[in-house]
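Note sheet for the following structure.
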Amino acid sequence: MRPTLRQLQYVVAVAETGRFHEAAKRLHVSQPSLSAQISAVEEQLGVQLIERGRSGALMTVQGEEFVKRARLILRDVEELKAAMNMQEGTLAGRIRLGVLPSVGPYLLPPVVRDLHRTYPQLRLVVEEHWTEQLNARLMDGTLDCVISTPEDHSDLASAVLFEEHLWICAAPDDELAGTGPVYIEDLKGRDILSVGQNVRLSRTVRALADAAEANMSGVFTGTSLDAIRHMAATGAGVAILPAIYALSEASRDADLVLRPLDHPRAQRRVALIWRPTSPMADSFQLMAEILRADAKAILENDLP
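Take 218 as the starting number for the sequence shown in this note's numbering and just add one per residue.
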């Protein structure tokens with residue numbers, strides 16, 4: 218006897234949720250049924266995959282190895298199903314897309330609308346994660362493709378969607394209030410606001426702060442672009458924001474001044490990224506065309 222695909226899904230779901238009842242809810246089965254199937258797998262293999270306790274379900278060493286391999290098998294099966302459902306020149310079926318929080322909320326609204334209008338048989342499932350988790354979920358097959366910075370996903374296939382400049386964001390009574398570009402020397406001695414995660418955007422902002430001899434303090438960080446934008450509005454410092462956010466969201470805030478930052482490193486490249494072995498590469502190229510067009514429309518907007 219070999220574990221079935223459904224049994225693989227059961228074990229992976231328990232590993233991801235940490236609880237049998239949460240895994241059963243996710244897979245729309247009863248908990249006793251899920252538990253029985255996992256016990257059957259353990260009996261077939263002669264190993265304990267899951268340590269059961271009051272605090273939840275913990276994977277054993279063998280369980281972790283099982284889940285690692287099960288994810289690859291399930292990924293290949295999903296890709297096989299997707300490849301069989303795809304017709305040349307169209308998009309259909311389900312695509313699981315991961316996206317950076319600093320891109321998704323500002324780019325995806327028009328994209329989702331345009332994808333649905335152009336390819337009505339497509340079902341897009343979207344998750345937001347920072348870079349490291351996007352890469353992990355792409356590689357284990359949880360995601361089919363991701364929108365991220367290509368420099369952080371080596372050895373993967375990609376289609377560049379856009380390159381954007383970074384903008385400064387300050388309160389209306391700040392000395393940087395005005396029009397036109399801001400130069401790096403204008404930031405000397407200033408407190409710079411950035412998202413606190415160790416992601417490429419925050420590393421780029423830190424490099425710009427170093428070049429400007431500005432201050433990057435742990436006190437002046439936020440958990441989201443909205444957070445640092447609101448901090449800038451109170452005069453807490455100068456926020457550095459990507460253009461996709463500045464031109465689609467922050468530009469509507471009358472309590473802010475937005476100006477482009479003129480420096481060679483004040484830019485970011487964003488791409489649609491997928492595994493080079495994926496049979497859905499042609500479909501991702503079709504998605505990239507719409508993503509690219511919608512990003513261009515946002516980035517070519519003038520500030521009100």
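Cβ atoms here follow ideal geometry from the backbone N, Cα and C, with glycine treated the same way.
Here the structure is a predicted model, which means the values were calculated and not measured.
Where does residue i land, buried or exposed, given buried means 16+ other C-beta within 10 angstroms?
| i | result |
| --- | --- |
| residue 258 | buried |
| residue 430 | exposed |
| residue 494 | exposed |
| residue 514 | exposed |
| residue 325 | buried |
| residue 502 | exposed |
| residue 352 | buried |
| residue 366 | buried |
| residue 320 | buried |
| residue 249 | exposed |
| residue 289 | exposed |
| residue 521 | Confidence in residue 521 is poor, its pLDDT being 48 and thus under 50, which makes the residue's placement too unreliable to answer from. |
| residue 500 | buried |
| residue 492 | buried |
| residue 226 | buried |
| residue 337 | exposed |
Determine the closest residue to residue i out of the options, with distance taken between C-alpha atoms.
| i | options | result |
| --- | --- | --- |
| residue 410 | 400, 421 and 402 | 421 |
| residue 292 | 263, 280, 360 and 315 | 360 |
| residue 518 | 464, 506, 473 and 509 | 464 |
| residue 390 | 471, 364 and 432 | 471 |
| residue 405 | 392, 413 and 412 | 392 |
| residue 432 | 403, 337, 298 and 355 | 403 |
| residue 286 | 346, 356 and 263 | 356 |
| residue 443 | 412, 243, 394 and 363 | 412 |
| residue 358 | 388, 270, 469 and 284 | 284 |
| residue 419 | 354, 482, 388 and 251 | 482 |
Which whole-angstrom value describes the C-beta separation of residue i and residue j, a residue pair presumed to lie in contact below a C-beta threshold of 8 Å?
| i | j | result |
| --- | --- | --- |
| residue 294 | residue 222 | 6 Å |
| residue 385 | residue 476 | 5 Å |
| residue 296 | residue 497 | 7 Å |
| residue 445 | residue 375 | Contact doesn't hold; Cβ gap of about 28 Å is too wide. |
| residue 231 | residue 237 | 6 Å |
| residue 278 | residue 313 | About 29 Å separates the two Cβ atoms, so there is no contact after all. |
| residue 449 | residue 425 | Rounded, the Cβ-Cβ distance is 15 Å, inconsistent with contact. |
| residue 261 | residue 220 | 7 Å |
Classify residue i as helix, strand or coil using the three-state DSSP reduction.
| i | result |
| --- | --- |
| residue 518 | coil |
| residue 219 | coil |
| residue 311 | strand |
| residue 484 | strand |
| residue 383 | strand |
| residue 263 | coil |
| residue 327 | helix |
| residue 319 | coil |
| residue 492 | coil |
| residue 378 | strand |
| residue 247 | coil |
| residue 400 | strand |
| residue 479 | strand |
| residue 407 | coil |
| residue 337 | coil |
| residue 269 | strand |
| residue 274 | strand |
Report yes if the CB atom of residue i is closer than 7 Å to the CB atom of residue j, and no otherwise.
| i | j | result |
| --- | --- | --- |
| residue 398 | residue 511 | no |
| residue 310 | residue 344 | no |
| residue 234 | residue 241 | no |
| residue 417 | residue 369 | yes |
| residue 484 | residue 382 | yes |
| residue 456 | residue 378 | no |
| residue 461 | residue 331 | no |
| residue 224 | residue 254 | yes |
| residue 454 | residue 408 | yes |
| residue 339 | residue 308 | yes |
| residue 268 | residue 275 | yes |
| residue 349 | residue 486 | no |
Between residue i and chain C, is there a C-beta pair that is closer than 7 Å?
| i | result |
| --- | --- |
| residue 506 | Absent from the structure: chain C. Only one protein chain is present. |
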